[in-house]
Amino acid sequence: MRVFLASIPLPGTSIVVIGAGDAAAAKARLFDGSGAKLRWFAGPAAEPDEAWITRWPEAEDLCGARLVFIALPDPTQSAFFAGLGRTSGAQVNVVDQPGLSDFHTPALIDRDGVVVGIATGGVAPVLAREVRARVEAALPQGLDRLARLAEGLRETVMATLPDFMARRRFWEAAFRGAPRDLAVEGRTAEARREMLRLLNRPEQPKGVVHLVGAGPGDPELLTLKALRALQDADLIIHDRLAPPAVLDRARRDARRIYVGKRRGEHSVPQEQIAELMIAEAKAGHRVVRLKGGDPFVFGRGGEELEAVRAAGIDVIVVPGITAALGCAAAAGIPLTHRDQAQAVSFVTAETRPGGAGPDWTSLAVPNHTLAVYMGVAGAAAVQAGLIAAGRAPDTPVAVIENGSRPDQRVLTGRLDGLARLVAREKVISPALLIVGEVAAWARSSATEQEVAA
Ligand code: SAH
């Protein structure tokens, strides 16, 4: 180890900043609202402002200062104030002058109660910032809420669990399971209740279920929250729509359970999936139910949410990029357009056996985009239904197979040739149909004419 990172409690600590430029302002900003006593000497040439003092400091100004930051253009002046600060017993940092400094400032991630620093000993600050960006993406936004919750319960925990090891086990459980997830989501009251429950019944840690939207396939289209859930999971329950490239990003030693679901395939019944999630969460595991696209768009996420909640398990829903958005972006189709589409509807062509199909009359209007899910087998019905309801036969259509994946195909044509296009090109699931004027924008890999030719 070539550098050592220490943390200094800020409330009440005296900090001095010397300088008038942007670098000085950045240092001063660091301590805004931190509880430190900040004095900023901007020199006699500075405009009067209540934020700073318009002179340079004297020796007695630095008395009692813990940290002194110097951001001045003149090296002689910097060295002078550095000496002054050191004589007063302060630790001195001269911006961009590691040789003149007692300490360097690490790249910081500030989550209030939790602060992460990345240091390279001043050798490669840009590399430190690169690392920071990566770590930052892995840390939940609400981490400080968790830290504050823990702070509030510290004494209760001390009193309840006098044994050090028992206490440590408790905190580990609290920072892994439902209490943590609820706290970072901002569900602080529930998180506190969970922590107290765990404190009284440490033998029964409670897990949590994340209903996670995996997006259409490209793992880069995962949300930061989804990625975190995947990397924290003990168990991942997925079906065919969960893209392999996304599963690759999950924690290596997480168990994976495949619950099927292909058209006509024998898949695990919905109730059994819910039972599995409930049992695993009750055993204290972090369960990720990974669903293609968004869990609440034709994903039966609502039913799963209801079942798991009814069993008293905490559920956190992480939205995903639904197929319509992912496919439209991948094919270059704007779903709405000032001149060509004032509305967009997400429709499914598939219904329960014996159930009513979509109401084509209300959907067959001009300048209205339809994103049709699960429409491969029903392409002929979509075509016939819309034309019978009055949609123009020459309305542009696009078919996007495996949208956002390496094997994506985009086919284009007219509404009256939709079924033929799907059949001739042997379109396979998953594929999304887009019907509407905007479909003419598609960057296609084959058109109906080319196919026919
Ligand atoms: N919850 C999912 C939809 C599940 S229904 C979502 O929000 O996207 C399954 C249907 O979604 C498929 O039949 C297909 O129409 C569509 N779909 C999902 N992923 C797709 C992809 N990568 N490319 C094209 N269509 C996709």
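According to numbering that gives the first Met the number 0, the sequence shown is numbered sequentially starting from 0.
For every residue, glycine included, the Cβ atom is placed at its ideal position computed from N, Cα and C.
Query: Separation of Arg110 from Gly141, as counted between CA atoms; Result: 8 Å
Query: Closest by C-alpha distance to Pro74, when choosing among Ala64, Gly63, Asp60, Asp95; Result: Asp95
Query: Leu99 CB to nearest heavy atom of the ligand SAH below 8 Å; Result: no
Query: Cut-off 6 Å between Cβ atoms - residues of its own chain near Asp393, not counting five sequence neighbours on either side; Result: Arg413
Query: Own chain residues within Cβ distance below 6 Å of Ala439, not counting five before or after; Result: Pro395
Query: Given Ile14 as reference, the closest of Phe3, Phe30, Met0 once Cα atoms are compared; Result: Phe30
Query: Ser361 in three-state terms, based on DSSP; Result: helix
Query: Bounding residues of the beta strand (DSSP E) (the contiguous stretch that carries Ile235); Result: 234 to 237
Query: Any non-hydrogen atom of the ligand SAH within 8 Å of Pro215 CB; Result: yes
Query: One or two residues paired with Gly212 in a DSSP bridge; Result: Lys290
Query: Residue environment, Ile7, which counts as buried when at least 16 other CB atoms sit within 10 Å; Result: exposed
Query: Supposed close pair Val91, Ile117 - CB separation, criterion 8 Å; Result: Rounded, the Cβ-Cβ distance is 21 Å, inconsistent with contact.
Query: Member of Gly63, Pro365, Gly120, Arg404 whose CA lies at the smallest distance from the CA of Phe3; Result: Gly120
Query: Expected contact under 8 Å - CB spacing of Gly190 and Ala182 to nearest Å; Result: Note that residue 190 is Ala in the sequence shown here, rather than Gly. Their Cβ separation, rounded to whole angstroms, is 4 Å, which keeps Ala190 and Ala182 in contact under 8 Å.
Query: Gly84 beta carbon less than 9 Å from that of Leu61; Result: yes
Query: Cβ neighbours of Thr350 in the same chain (closer than 7 Å, five flanking residues each side left out); Result: Gly356
Query: Test: Asp101 CB closer than 9 Å to a CB of chain D; Result: Looking at the structure shown, chain D is missing, and only one protein chain is on hand.
Query: Cβ pair Pro333, Pro294 closer than 9 Å; Result: no
Query: Leu410 and Gly325 closer than 9 Å at C-beta; Result: no
Query: Under 9 Å between C-beta atoms of Phe174 and Val156; Result: no
Query: Pairwise C-alpha distance: Trp359 and Ala383; Result: 10 Å
Query: Distance cut-off 8 Å: Ser428 Cβ against heavy atoms of the ligand SAH; Result: yes
Query: Span of the alpha helix (DSSP H), counted from its first residue to its last, around Ile386; Result: 378 to 387
Query: Range of the contiguous alpha helix (DSSP H) that encloses Pro74; Result: 74 to 86
Query: Cα-Cα separation between Lys26 and Pro201, rounded to whole angstroms; Result: 44 Å
Query: Distance between beta carbons of Ala322 and Pro215, contact taken as under 8 Å; Result: 5 Å
Query: Inter-stretch contact at 8 Å, needing at least 3 Cβ pairs: the region 330 to 348 / the region 365 to 377; Result: yes
Query: Rounded distance between the beta-carbons of Leu226 and Arg192, thought under 8 Å; Result: In fact, because the Cβ distance is near 28 Å, the residues do not count as touching under 8 Å.
Query: Three-state secondary structure (DSSP) of Val16; Result: strand
Query: Through-space distance from Arg1 to Asp101, alpha-carbon basis; Result: 14 Å
Query: For Leu432, three-class secondary structure by DSSP; Result: strand
Query: Counterpart residues of Glu400 in DSSP-defined beta bridges; Result: Arg408, Ala430
Query: Cβ contact (3+ pairs, closer than 8 Å) linking the region 335 to 345 and the region 233 to 248; Result: no
Query: Proximity winner among Ala106, Gly151, Glu150, Val114, relative to Glu129 (alpha-carbon distances); Result: Ala106
Query: For Arg179, the nearest candidate out of Gly63, Pro124, Pro139 (CA to CA); Result: Pro139
Query: Of the residues Asp313, Ala149, Arg166, Ala70, the one placed nearest Val208, counting alpha carbons only; Result: Asp313
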